[in-house]
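Asker: Which chain is which? The protein sequence lines are D and S, in order.
Just so you know, my numbering puts 139 at position 139 of the first sequence, and the rest follows in order with no gaps.
So the mapping is simple: my numbering equals the position in the second sequence, first residue as 1, plus 448.
Cβ coordinates follow ideal geometry from the N, Cα and C atoms, glycine included.
Let me give you the structure first, and then I'll get to my questions.
2 protein chains.
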Amino acid sequence: MQPLELERVLAQLREALERDDLAAAVAILHHYHPADKAELFEELEEEEQVALLPELEPADSADILEELDDEQAAELVAALDPEDAIRIVDEMEPDEAADLLSELEPPQAEAVLSGLEDPEEVRPLLLHPEESAGGLMTSEFLALRRRTTAAEALEAIRRWKPEADIQQIFVVDAEQHLVGVVELRQLIAADPSARMIDIMDPEVISAPVGMDQEEVARLMARYDLLTLPVVDAENRLVGVVTIDDVVDVIEEEDTEDIQRFGGAQPLERPYLSTSPFLVMRKRVGWLLLLFLTATLTGSVMRHFEKELQTVVALAFFVPLLIGTGGNAGSQTTSTIIRALAVGEITLRDAFRTLWHELLTGFLLGGVMAVAAYVRALTWGSSPELALTVALAIFLIVLWANGLGSLLPLLAARLGIDPAIVSGPVMSTMVDATGLFIYFTIADIILGL
Amino acid sequence: MQPLELERVLAQLREALERDDLAAAVAILHHYHPADKAELFEELEEEEQVALLPELEPADSADILEELDDEQAAELVAALDPEDAIRIVDEMEPDEAADLLSELEPPQAEAVLSGLEDPEEVRPLLLHPEESAGGLMTSEFLALRRRTTAAEALEAIRRWKPEADIQQIFVVDAEQHLVGVVELRQLIAADPSARMIDIMDPEVISAPVGMDQEEVARLMARYDLLTLPVVDAENRLVGVVTIDDVVDVIEEEDTEDIQRFGGAQPLERPYLSTSPFLVMRKRVGWLLLLFLTATLTGSVMRHFEKELQTVVALAFFVPLLIGTGGNAGSQTTSTIIRALAVGEITLRDAFRTLWHELLTGFLLGGVMAVAAYVRALTWGSSPELALTVALAIFLIVLWANGLGSLLPLLAARLGIDPAIVSGPVMSTMVDATGLFIYFTIADIILGL
Chain D
1 MQPLELERVL AQLREALERD DLAAAVAILH HYHPADKAEL FEELEEEEQV
51 ALLPELEPAD SADILEELDD EQAAELVAAL DPEDAIRIVD EMEPDEAADL
101 LSELEPPQAE AVLSGLEDPE EVRPLLLHPE ESAGGLMTSE FLALRRRTTA
151 AEALEAIRRW KPEADIQQIF VVDAEQHLVG VVELRQLIAA DPSARMIDIM
201 DPEVISAPVG MDQEEVARLM ARYDLLTLPV VDAENRLVGV VTIDDVVDVI
251 EEEDTEDIQR FGGAQPLERP YLSTSPFLVM RKRVGWLLLL FLTATLTGSV
301 MRHFEKELQT VVALAFFVPL LIGTGGNAGS QTTSTIIRAL AVGEITLRDA
351 FRTLWHELLT GFLLGGVMAV AAYVRALTWG SSPELALTVA LAIFLIVLWA
401 NGLGSLLPLL AARLGIDPAI VSGPVMSTMV DATGLFIYFT IADIILGL
Chain S
449 MQPLELERVL AQLREALERD DLAAAVAILH HYHPADKAEL FEELEEEEQV
499 ALLPELEPAD SADILEELDD EQAAELVAAL DPEDAIRIVD EMEPDEAADL
549 LSELEPPQAE AVLSGLEDPE EVRPLLLHPE ESAGGLMTSE FLALRRRTTA
599 AEALEAIRRW KPEADIQQIF VVDAEQHLVG VVELRQLIAA DPSARMIDIM
649 DPEVISAPVG MDQEEVARLM ARYDLLTLPV VDAENRLVGV VTIDDVVDVI
699 EEEDTEDIQR FGGAQPLERP YLSTSPFLVM RKRVGWLLLL FLTATLTGSV
749 MRHFEKELQT VVALAFFVPL LIGTGGNAGS QTTSTIIRAL AVGEITLRDA
799 FRTLWHELLT GFLLGGVMAV AAYVRALTWG SSPELALTVA LAIFLIVLWA
849 NGLGSLLPLL AARLGIDPAI VSGPVMSTMV DATGLFIYFT IADIILGL
């Protein structure tokens, strides 16, 4: 398959729609992979989308809705005829259908749901929070009994027509308790008369329905799993999470972390489809908060007004010192936050981590002190002022590294996302305290 | 399977090793999942590891080596008897074996390689750069001809004993050109006499050997692929990338981005096993560079020494202004860099993105100007000074948003990782220019 030439195909598609030739537009879209279909579809105007959706094969429309954001998909479905909506949602994978329905108004969702061929495949999925194992899982899985033979299992697979592909079958007892897993390849290789209990792997890793999606992702990545069975409190198999959903979760969570890092609330939708006003609202809170804390830094400077008036040159080093402190702190927090996120360190390692960063800060502070001393002298400062700046930078870097490792660990301890204490928060905290250190040293060394 | 109780099992393991009971240690480890085996193993002393490795089942040792960092695994293999090393590497998946061998000294790698049961399975994998599709792929795949029947294909799967599991088989012509893909489930469901050409999907998505691993990851995530066939320049099938390797790549690349965000070079190894000296080296370059550019900010202040001496109160607002500018810039870059990384925007969207950020900057700048005006007045500043600060903060935020969107786009255009122009770089650039804006406005409004 060739990669999608978006511009060219989009021009064809628009041209077909302009002359109201829906059939031609349908034929063009039909050609592409669901992900490409969705990308093309997203570029169209909303009325074009609503017109086109019922004309496509229901399976194609379902593919597109599965790839869109849930909110966007729900808006489209709400604008469709109820029969069209039902026909399309029926072709969706149950977990995707549930995500979409949960974005609709309750009466509308119920109307679509009750029209489905098998509402009971979707209904239980609506009960779980979206960001949990239960919210991620699909109800499409094949569960067989322990005494089923390989030949019977192969026959069951032949008869079964799921919306998505499957990699494994699960083995349960009479009460639906999960007792094992069989890979399709094992099943093919097995003697036809062999029973599930003989070929299954009884050491099956599962997740409780309530497990947070980030933990689900971590678990599947750690154990290289393609599917993860989900069980209720009694270890009964209720669903399966597939790796493709988890890849999306990992990307989503990392995006949130990175946006928090930049000191903004996560956007939660694609960048270009978020209006500047909404982007502003996601950022202004932090910016104002950081502004208020930055006035603290100004207050520190006011407090040392006398010193500044006596030696104006002290002011020249202010950006240098607060910049270096903020940068050292950012370096530390970003390392620690990421190490926490991927599980390289846990709270048990708090003390080791702090010690590790203090040593690093000691080394970094030493290097920076030498650099600052030389720079101050070449700038024509007195040796006393140069010494003040060097000593201040050493202590500020050490302090920034300590704070930069303690804050994310503390946040994690309190159950807050450590990414909150990211670059900007760190910088602002180090600014005020750093200047206090600086002017105090100046008082002592310069005898002000 | 129960989650690993690390502390408890580790205590048992250490106790067995202390009384030199290698057999007991082997029995304990054998019990756990490869990922858990590796975690336990990593906690041991190096001499314990070297003693234990040849005693384990070769498949268990291979599992552990596959989970460790390549460097760490290579160090262990280098310390083993050559025969033990060969026995263990023989049980590794070919792509993992190749990654390990490429970390050994060439003569040693050659000695292990030539001792393997099937060196030709591994040797071609050594030719590709580690971070490319070729470096990620395994040579373990099943490729059948178009006229092969479903019954023959199932028989081939039964005879084949790969190290890892498979989800699909590939269809090739007489010259090994990739022509289709068949899911195991399709194969099971097919009529036994059906030929591959009738059941295969000819629209198979593949990657050239040289494709960068980040692009490979993006492709597999976009199309929800479990495996991605890799082809040479003539479209001949040479290997297959599996999703578990790609999940690791995504995490690795996101970790690098986040570490760059904090203004440090990526560590490239787990945090706690990186010495403070090495951590310092990864950070000091950026810190010094940012220090030097920060002296620019100092120079701007020196340039306006007269103004500062006349109105010392101007200095109080310096941390506030450069802080807000840096924060607004960080918010923008982090959003843009991430949107570029996940493909939400491309260089084609450069102009739209800039415009989007300028609008956002306009709104944010307005809000911040009001806040700054009020704050300055309540701090007892004159209305003229308050106006200066408000106007300056408005322009600085607008400027920071513009620069914050242009710089990552420019970096991407030049083929540099946009994450380089992250928070600290942005802040430092906005600092100097921001102060210049501030003092220039002060000159005009306060008539200095």
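Name the residues in the segment 361–384 of chain D whose C-beta lies less than 7 Å from a C-beta of chain S; which are they?
Answerer: Per Cβ criterion, the list reads L363, L364, V367, M368, A371 and R375.
Asker: Short of 6 Å in beta carbon distance, which residues of its chain neighbour D:V300, apart from the five on each side in sequence? Order them along the chain.
Answerer: Reading the first sequence from its first residue, position 300 is the one you call residue 300 of chain D. Cβ neighbours of D:V300 beyond the five flanking positions: A432, L435 and F436.
Asker: Excluding the 5 residues preceding and the 5 following S:A622 in the sequence, name in chain order all residues of the same chain whose CB lies nearer than 6 Å to its CB.
Answerer: In the second sequence, counting from the first residue as 1, residue 622 of chain S sits at position 174. Contacts found: none.
Asker: Suppose you measure from the CA of D:V430 to the CA of D:G326; what does that come to, to the nearest Å?
Answerer: Here residue 430 of chain D corresponds to residue number 430 of the first sequence, with the count starting at 1. Here residue 326 of chain D corresponds to residue number 326 of the first sequence, with the count starting at 1. Cα to Cα, the separation comes out at about 6 Å.
Asker: Short check: CB of D:A25 to CB of D:L13, under 8 Å?
Answerer: Locating residue 25 of chain D in the first sequence gives position 25, counting from the first residue. Locating residue 13 of chain D in the first sequence gives position 13, counting from the first residue. Yes, Cβ-Cβ distance for D:A25 and D:L13 is below 8 Å.
Asker: Grab me the residues of D:M1's own chain with a C-beta within less than 8 Å of its C-beta, minus the 5 sequence neighbours each way, in chain order.
Answerer: In the first sequence, residue 1 of chain D corresponds to position 1, counting from 1. Note that D:M1 scores a pLDDT of 45, beneath 50, so its modelled location is shaky; the value from the coordinates is reported in the next line. Correct list, in chain order: H33.
Asker: Would you identify the three-state DSSP class for S:M449, choosing helix, strand or coil?
Answerer: Translated into positions along the second sequence, residue 449 of chain S becomes position 1. With a pLDDT of only 46 at S:M449, under the threshold of 50, the placement of this residue in the model should not be trusted; the figure read from the coordinates follows. If DSSP states are grouped into helix, strand and coil, S:M449 belongs with coil.
Asker: With distances taken Cα to Cα, identify the nearest neighbour of D:G343 among D:R218, D:E18, D:L406 and D:R185.
Answerer: As a position in the first sequence, residue 343 of chain D is number 343, starting the count at 1. D:G343 has its Cα closest to that of D:R218, out of D:R218, D:E18, D:L406 and D:R185.
Asker: In angstroms, rounded to a whole number, what distance separates the CA positions of S:S778 and D:L290?
Answerer: Locating residue 778 of chain S in the second sequence gives position 330, counting from the first residue. Locating residue 290 of chain D in the first sequence gives position 290, counting from the first residue. If you take the alpha carbons of S:S778 and D:L290, they lie about 13 Å apart.
Asker: Could you tell me whether the segment 754–761 of chain S touches the segment 347–356 of chain D, using the rule of 3 or more Cβ pairs below 8 Å?
Answerer: In short, these stretches do not touch, since the Cβ pair count stays below three.
Asker: Under 8 Å between C-beta atoms, does S:P767 make it to chain D?
Answerer: Sequence index remark: in the second sequence, residue 767 of chain S carries index 319 (1-based). Yes - at least one Cβ of chain D is within 8 Å of the one on S:P767.
Asker: Quick check: what's the CA-CA separation for D:M211 versus D:Q176?
Answerer: Walking along the first sequence from the start, residue 211 of chain D turns up at place 211. Walking along the first sequence from the start, residue 176 of chain D turns up at place 176. Approximately 20 Å between the Cα atoms of the pair.
Asker: So, are the CB atoms of S:V407 and D:V367 less than 8 Å apart?
Answerer: The structure shown does not extend to residue 407 of chain S, since chain S spans only 449 to 896, so no value can be given for it.
Asker: Compare the C-beta of D:V247 with all C-beta atoms of chain S and state if any pair is closer than 8 Å.
Answerer: The residue you call residue 247 of chain D lines up with position 247 of the first sequence. It does: the Cβ of D:V247 has a partner Cβ on chain S nearer than 8 Å.
Asker: Any idea if S:L846 is buried or exposed, counting beta-carbon neighbours within 10 angstroms, 16 or more meaning buried?
Answerer: Here residue 846 of chain S refers to the residue found at position 398 of the second sequence. Buried, by the Cβ-count rule.
Asker: Okay, do the segment 635–654 of chain S and the segment 588–603 of chain S touch, 3+ Cβ pairs below 8 Å being the bar?
Answerer: At 8 Å Cβ cutoff, the stretches touch.
Asker: Under 9 Å Cβ-Cβ, which residues of chain S neighbour D:D81?
Answerer: Position 81 of the first sequence, counted from the start, is the residue given in the question as residue 81 of chain D. Within 9 Å Cβ-Cβ: nothing; D:D81 doesn't reach chain S, min ~29 Å.
Asker: Nearest to D:S405 by CA position, among D:A390, D:T333, D:A98 and D:I393, is which residue?
Answerer: Counting from one through the first sequence, the residue named residue 405 of chain D turns up at place 405. Taking only the C-alpha atoms, the option nearest D:S405 is D:T333.
Asker: For S:D646, count neighbouring C-beta atoms within 10 Å of its own C-beta (all shown protein chains included) and say buried if the count is 16 or more, exposed if not.
Answerer: Position 198 of the second sequence, counted from the first residue, corresponds to residue 646 of chain S. Exposed.
Asker: Is the beta carbon of D:E253 sitting closer than 8 Å to the one on D:E214?
Answerer: Counting from one through the first sequence, the residue named residue 253 of chain D turns up at place 253. Counting from one through the first sequence, the residue named residue 214 of chain D turns up at place 214. Against a cut-off of 8 Å, the Cβ pair of D:E214 and D:E253 comes out as a contact.
Asker: The segment 716–730 of chain S: which residues have C-beta closer than 7 Å to a C-beta of chain D, in chain order?
Answerer: Those would be P718, Y719, L720, P724, F725, V727 and M728, in chain order.
Asker: By the criterion of Cβ-Cβ separation under 7 Å, what are the contact partners of S:E662 in chain D?
Answerer: As a working note, residue 662 of chain S is residue 214 in the second sequence. Residues of chain D passing the Cβ test: none, with the nearest at roughly 12 Å.
Asker: Within 8 Å, do at least three Cβ pairs link the segment 562–578 of chain S to the segment 544–553 of chain S?
Answerer: A contact exists between the segment 544–553 of chain S and the segment 562–578 of chain S.
Asker: Strictly below 7 Å CB to CB, what residues from chain S border D:A339?
Answerer: Sequence index remark: in the first sequence, residue 339 of chain D carries index 339 (1-based). The contacting residues are Y719.
Asker: Does any residue of chain S have a CB that is nearer than 8 Å to the CB of D:T310?
Answerer: Position 310 of the first sequence, counting from 1, holds the residue named residue 310 of chain D. For D:T310, the answer is no, since every Cβ of chain S falls outside 8 Å of its Cβ.
Asker: For chain D, check one thing: does any of its Cβ atoms lie closer than 8 Å to the Cβ of S:D800?
Answerer: Translated into positions along the second sequence, residue 800 of chain S becomes position 352. This sequence places Arg at residue 800 of chain S; Asp is not what is there. Yes, its Cβ sits closer than 8 Å to a Cβ of chain D.
Asker: Mind checking if D:H30 is an interface residue toward chain S, Cβ cutoff 8 Å exclusive?
Answerer: The residue you call residue 30 of chain D lines up with position 30 of the first sequence. Output row for D:H30: interface = no.
Asker: D:H177 bridges to which residues according to DSSP?
Answerer: Residue numbering aside, residue 177 of chain D sits at position 177 when the first sequence is read from its first letter. D:R236, per the DSSP bridge assignment.
Asker: Check S:A546 in the structure and name its three-state DSSP category.
Answerer: For this step, residue 546 of chain S is matched to residue 98 along the second sequence. It is helical.
Asker: For D:V374, does the count of other Cβ atoms within 10 angstroms reach 16, so buried, or fall short, so exposed?
Answerer: The residue labelled residue 374 of chain D in the question sits at position 374 within the first sequence. Looking at its Cβ environment, which holds fewer than 16 other Cβ atoms inside 10 Å, D:V374 is exposed.
Asker: Opposite S:F618 in the DSSP bridges: which residues?
Answerer: Within the second sequence, numbered from 1, the residue matching residue 618 of chain S stands at position 170. DSSP output for S:F618 lists S:A591 and S:V629 as bridge partner(s).
Asker: Strictly under 8 Å for the Cβ-Cβ distance: is S:G771 near chain D by that measure?
Answerer: Taking the first residue of the second sequence as position 1, residue 771 of chain S is located at position 323. Answer yes: the Cβ-Cβ gap between S:G771 and chain D drops below 8 Å somewhere.
Asker: Do S:T722 and S:P714 have their CB atoms nearer than 8 Å?
Answerer: Translated into positions along the second sequence, residue 722 of chain S becomes position 274. Translated into positions along the second sequence, residue 714 of chain S becomes position 266. For S:T722 and S:P714, no; Cβs fall outside 8 Å.
Asker: List the endpoints of the continuous beta strand (DSSP E) containing D:P229.
Answerer: Along the first sequence, one-based indexing puts residue 229 of chain D at 229. Residues T227 to V231.
Asker: Three Cβ pairs or more, each shorter than 8 Å: is that satisfied between the segment 154–162 of chain D and the segment 221–239 of chain D?
Answerer: In short, these stretches do not touch, since the Cβ pair count stays below three.
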